[in-house]
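Asker: Just so you know, we're using our numbering here: the sequence shown kicks off at 374 and counts up by one.
This is the structure I have questions about; it appears just below.
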Amino acid sequence: MGKPFTSERLQNIRRMRRARRLHKQQPLFAYEMMRTDYPGYPYELFLDDLRYRKPRKKRTRKSGLCRYGRFNRMQSLISQYGWTGDIELARQANKLRERMTKPYRVLAKVEDHYIEQNFSALIPIDSIEELVRKLADCQSMDQANKILLEFQASNNMY
């Protein structure tokens, strides 16, 4: 595996653990007990042994936007912008961010009639784009209504 610790390093680790354990059990007498076990043990080293070396892990906050349907598309556009440096990708991601919580508004023309439907912002944007493609291929209003009903049933909207 890794490189083994030297004997001096192991002694330091054991001393540090012992100091922390004694300080937790008997905070007033821990230093005196350590001095009996380790003659010439200075108080500064005792305080240094009590100090934890690693900084606390910072908790990463989850974005509240991740539940919205446009979030994954925005993230992919941002990562593509990072790779390519194309400003247009950043603009698209910014537009998605501005519209993130707004409901989808689907407008389709079928047989000289317009169908306008609003959908929840929580639905993935890919599903909405697929619905728009299907509605664009419709030849009749009955077929369009059937597609809308299927979509609403599959997305548990109502």
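By construction, the Cβ of each residue, glycine as well, lies at the ideal position given by its N, Cα and C atoms.
Computed from a predicted model, the values in this text were never measured in an experiment.
Less than 7 Å between the C-beta atoms of Met447 and Arg470, yes or no?
Answerer: Yes, the Cβ-Cβ distance between Met447 and Arg470 is below 7 Å.
Asker: From the DSSP secondary-structure annotation, give me the bridge partner or partners of Arg478.
Answerer: Answer is Asn491, bridged to Arg478.
Asker: Examine the Cβ distances between the segment 481 to 494 and the segment 513 to 520 and report whether three or more of them are shorter than 8 Å.
Answerer: Contact holds: three or more Cβ-Cβ distances are below 8 Å.
Asker: Taking DSSP's pairing of strands, which residues face His486 in a bridge?
Answerer: In DSSP, His486 forms a bridge with Val483.
Asker: In angstroms with no decimal places, state the Cα-to-Cα distance between Ser527 and Glu502.
Answerer: Near 15 Å, if we compare the C-alpha coordinates of Glu502 and Ser527.
Asker: Please look up how many angstroms separate the CB atoms of Ala392 and Leu423, rounded, as I've assumed it's under 8 Å.
Answerer: Sure, about 6 Å apart at Cβ, within 8 Å.
Asker: Whose C-beta lies closer than 7 Å to the C-beta of Phe419 among residues of the same chain, with five residues either side of it excluded?
Answerer: Closer than 7 Å at the Cβ level, and outside the excluded window around Phe419, lie Ala392, Tyr404 and Met407.
Asker: Determine the closest residue to Arg464 out of Ser449, Arg440, Lys475 and Thr474, with distance taken between C-alpha atoms.
Answerer: Comparing Cα-Cα distances from Arg464 to each of Ser449, Arg440, Lys475 and Thr474, the minimum goes to Ser449.
Asker: What is the rounded straight-line gap between the Cα of Pro412 and the Cα of Lys435?
Answerer: Spanning the two alpha carbons is a distance of roughly 51 Å.
Asker: Candidates Thr457, Pro497 and Met389: which alpha carbon is nearest Glu417's?
Answerer: Cα-wise, what sits closest to Glu417 is Met389.
Asker: Using the Cα positions of Tyr454 and His396, report the straight-line distance between them to the nearest angstrom.
Answerer: Distance between the alpha carbons of Tyr454 and His396: 53 Å.
Asker: Just mark Ala509 as buried or exposed, buried being the case when its beta carbon has 16 or more other beta carbons within 10 Å.
Answerer: Answer is exposed; the Cβ neighbour count stays below 16.
Asker: Assign Ile451 to one of three DSSP states: helix, strand, or coil.
Answerer: Ile451: helix per DSSP, three-state reduction.
Asker: Can you tell which of Leu504, Ser513 and Asp421 has its C-alpha closest to the C-alpha of Glu523?
Answerer: Nearest option by C-alpha distance: Leu504.
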